[in-house]
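*Asks:* In terms of the UniProt record's numbering, the sequence shown opens at residue 1 and continues consecutively.
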Amino acid sequence: MTAEHRRSARPLPGRGPADLTGQVLHGSRSRPMVALTFHGQGEPALAEEVLAVAEQAGARLTVMAVGSWLDDHPAIASRIRRGGHDLGNHTQHHPDICAMDGHDALREIEACAERLLALTGTVGPWFRPSRRALATPLVQRLARRAGYAHCLSYDVDSLDYTDPGPAAVRRTVLGTVRPGSIVSMHLGHVGTLEALPGILDGLRRRGLQAVSATRMLQLPDAGVHGPSLAGIGPPFVRTDMS
């Protein structure tokens, strides 16, 4: 990615929580919102169905796309954005990015950013490391270099990628979700699609709204693991990496 592209790839005004830096683990615990985030890979028809189910329920999602998936199915990028959902960077080939050297890791981030930029005109507001819940300090620095101020982590793992069945996915999410939770889920799994209506209904019954990560995290007391919360005072929660 050229220096000019890096400048154009910086998060656009209104597209991300510009006053947050570091690694975001969850949003405000005092507001009734959650962010359902999806690993973007798998059959595009299943992705289309997930988006449609969410939209019919008035929900908006966050899709962290693998760049090679966008290469194979470029139309899905505009479909996600057209539905009002977030679209972010989950590396180009989904390697264990935190185990890579800096040069190769940066190339993974930048290659996906280039796909997003070509398809949508922006690299999107978020980067999430592949195969890890938390980005290392090196990967956080590389993400910032590629235009991402924020690494989007999560505090609820649905474990849907293990294909435990829709009832188990639903129980896991609804059993651990809280106001401000960021939930990790995966496109390309039938059980996830089948679990989603019940998850959305369960959230609604608790008075929780499923919104995009950008909407939820534009709030002032999100939990961030990182060096600073620029311009933000308490209350906030910082979770230390173990």
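Quick reminder that beta carbons are idealized off the backbone N, C-alpha and C, glycines included.
Taking one C-beta from the stretch 71-82 and one from the stretch 97-113 each time, how about it: are there three or more such pairs within less than 8 Å?
*Replies:* Result no; under three Cβ-Cβ pairs closer than 8 Å.
*Asks:* By how many angstroms is the C-alpha of ALA47 removed from the C-alpha of LEU138?
*Replies:* C-alpha separation (whole angstroms): 32 Å.
*Asks:* I'd like to know whether the C-beta atoms of MET216 and MET33 end up nearer to each other than 8 Å.
*Replies:* Yes, Cβ-Cβ distance for MET216 and MET33 is below 8 Å.
*Asks:* Which same chain residues, not among the five before or five after ARG206, have their C-beta less than 7 Å away from its C-beta?
*Replies:* Contacts found: none.
*Asks:* Buried or exposed: HIS103, going by 16 or more other Cβ atoms within 10 Å of its Cβ?
*Replies:* Classification for HIS103: exposed.
*Asks:* So for GLY175, helix, strand or coil by DSSP?
*Replies:* The answer is helix: DSSP assigns GLY175 an H, G or I state.
*Asks:* Using DSSP with H/G/I as helix, E/B as strand and the rest coil, what is MET216?
*Replies:* If DSSP states are grouped into helix, strand and coil, MET216 belongs with the helices.
*Asks:* How far does the beta strand (DSSP E) with SER184 in it reach, from first residue to last?
*Replies:* 182-186 is the extent of the beta strand (DSSP E) around SER184.
*Asks:* If contacts are defined as beta-carbon pairs under 8 Å, then VAL183 and LEU36 qualify, I think. What distance do you get, rounded to the angstrom?
*Replies:* Contact flag correct, Cβ pair sits at about 5 Å.
*Asks:* With respect to the beta strand (DSSP E) encompassing ASP86, which residues constitute its N-terminal and C-terminal limits?
*Replies:* Element bounds for ASP86: 86-89.
*Asks:* Work out the CA separation of GLY165 and ARG115 for me, nearest whole Å.
*Replies:* Whole-angstrom Cα-Cα distance: 33 Å.
*Asks:* Are the beta-carbon atoms of ARG128 and HIS94 separated by less than 8 Å?
*Replies:* No, the Cβ-Cβ distance between ARG128 and HIS94 is not below 8 Å.
*Asks:* Taking TYR161 as the reference, give the member of LEU193, LEU142, ASP155 and ALA45 with the closest Cα.
*Replies:* That would be LEU193, whose Cα lies nearest to the Cα of TYR161.
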